[in-house]
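203 is the number that my numbering gives to position 28 of the sequence shown; each next residue is one higher, with no gaps.
Here a beta-carbon is modelled for each residue, glycine too, at the ideal position from N, C-alpha and C.
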Amino acid sequence: MIRSLVVSHTVNLEEDEDFIVGRNFSRPKLEQAIADKDMIWLDMVDPEPEEITWLDTQLTLHPTVVADLRAEDRRPALLVYPNYLFLSLFQPYVRLNRIEGKEVHCLVGNNIFVTLRKSDAKAVDDAYNRVLQNAAAWKQGVAYFLYLTTQHNIDSYYPLLDRISNQLNDLEENIMLNGGAKHARKTVYTVKQQLINMRQMVAPQREVISNVIGEERLSRNSESRDLFRHLYERLLRIYDVIDAQRDLSTNVLDMIDSQESNKLVEAVNRLTIFSIIFLPVTFLATFFELNIAAPAEQLILPVSGGVLFVITLGLMAGSTAIMIFTLRRKGLL
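Shown next, in the form of structure tokens:
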């Protein structure tokens, strides 16, 4: 599907306050508008191969650009050609607990701005509707269209970062209060992978915007340059937030490791105390199990075997009680 916004080249955008914005022209009308050098925004949603071929015919695109428009999963990039610029941006989204990028391809000519994207790349919709409703946007030219598209694309990172931040804070609080570290580790690893994916999208986009600032066709005056510099600074802040949240996720993992280590130490301490308590019992039981050679003459005990057995059990119970009493006085029980 091809959507379009068109303002005739006969309109004096500097002086006219009330002008008509044409919408959703047919292909013959779009071809005429391109030939007349009208100011145009073409938004190609889920473009078919035949529509990309038509666009190539109208704008005489470089074969590399055409190949990039047909491909997916590229890095954000900026390619400069004599008559136009080609940019690839990425809008993040969550899919099966993974953060992936929706590609938004942009072509910027002297009087034409083209976006190619999937239907669920809502950042372009927001920018498109803003240009449709704001006549002042047309006075700033197609570079401003690119600015709005990039701005809304960057804005889509903030809800994801806020969600990840809240998730990490909740995990940290839950671990501190309830010790719920058993199932938290997998969640933290998922969050770290999401942050890595976002970082891999933000870093090249930051380079793209940096190159846009130095491109004269898009930054013809200080006002336009300041707009794109503002976008660059926002990407820097997003990059810093991602790094800060990666540090927070590492701290949460350290907290989980510390709790698990403490639980292991407590278990070992219990086993050690248990062993100490029964050490005298073990000694007595082992002593009476020894095979001692009998003397030549028959050994006559002063007490019967039953009494000796009771005395042995008493020694075991007494030694156990003494050990428990001693350990409690020392605060080990």
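| query | result |
| --- | --- |
| Which residue from N187, P238, L291 and Q266 puts its Cα closest to that of M176? | L291 |
| Which of the three DSSP states, helix, strand or coil, is assigned to F200? | coil |
| Between L459 and M491, what straight-line distance do the alpha-carbon atoms span, to the nearest angstrom? | 7 Å |
| Look up S183 in the DSSP assignment and say whether it is helix, strand or coil. | coil |
| At the level of alpha carbons, what is the spacing between S179 and H358? | 50 Å |
| Can you give the Cα-Cα distance for A208 and Y332, rounded to whole angstroms? | 35 Å |
| Can you say whether T425 is buried or exposed, counting buried as having 16 or more other CB atoms within 10 angstroms of its CB? | exposed |
| With C-beta atoms as the reference, is V283 less than 9 Å away from A318? | yes |
| Let me know the beta strand (DSSP E) ranges lying completely inside the segment 316-363, each 3 residues or longer, listed in chain order. | none |
| What distance in whole Å lies between the Cβ atoms of R305 and L323, which are believed to be in contact at a cut-off of 8 Å? | 6 Å |
| Could you pull out every residue in the same chain whose Cβ sits closer than 7 Å to the Cβ of D211, ignoring the five residues on either side in sequence? | H184 |
| Going along the chain, which residues of its own chain have a beta-carbon closer than 8 Å to the beta-carbon of L336, five neighbours each way excluded? | M373, I413, V416, I417 and Q420 |
| Could you tell me whether the Cβ atoms of Y407 and S385 are closer together than 9 Å? | yes |
| Does the beta-carbon distance from I195 to L205 come in below 9 Å? | no |
| Do F261 and L253 have their C-beta atoms closer together than 9 Å? | yes |
| So what does Y407 bridge to, in DSSP terms? | Paired residue(s): none; Y407 is not in a bridge. |
| Measure the C-alpha to C-alpha separation of D231 and T239 and round it to an integer number of angstroms. | 11 Å |
| CA-CA distance, E223 and A311? | 32 Å |
| Measuring only the C-alpha atoms, how far is L410 from A246? | 25 Å |
| Starting from the C-beta of M351, find all residues in its chain whose C-beta is less than 8 Å away, skip the five residues before and the five after it, and write them out in chain order. | M430 |
| Just verifying my parser: in three-state terms, what is the DSSP assignment at D193? | coil |
| Quick one: using the 10 Å Cβ neighbour count with 16 as the cut-off for buried, is G276 buried or exposed? | buried |
| Between A298 and N328, which are expected to be in contact by the criterion C-beta below 8 Å, what is the C-beta distance as a whole number of angstroms? | 4 Å |
| Determine whether the beta carbon atoms of F288 and L217 lie at a separation below 9 Å. | yes |
| Closer than 8 Å by C-beta to V482: which residues in its own chain qualify, once you throw out the five before and the five after it? Chain order, please. | none |
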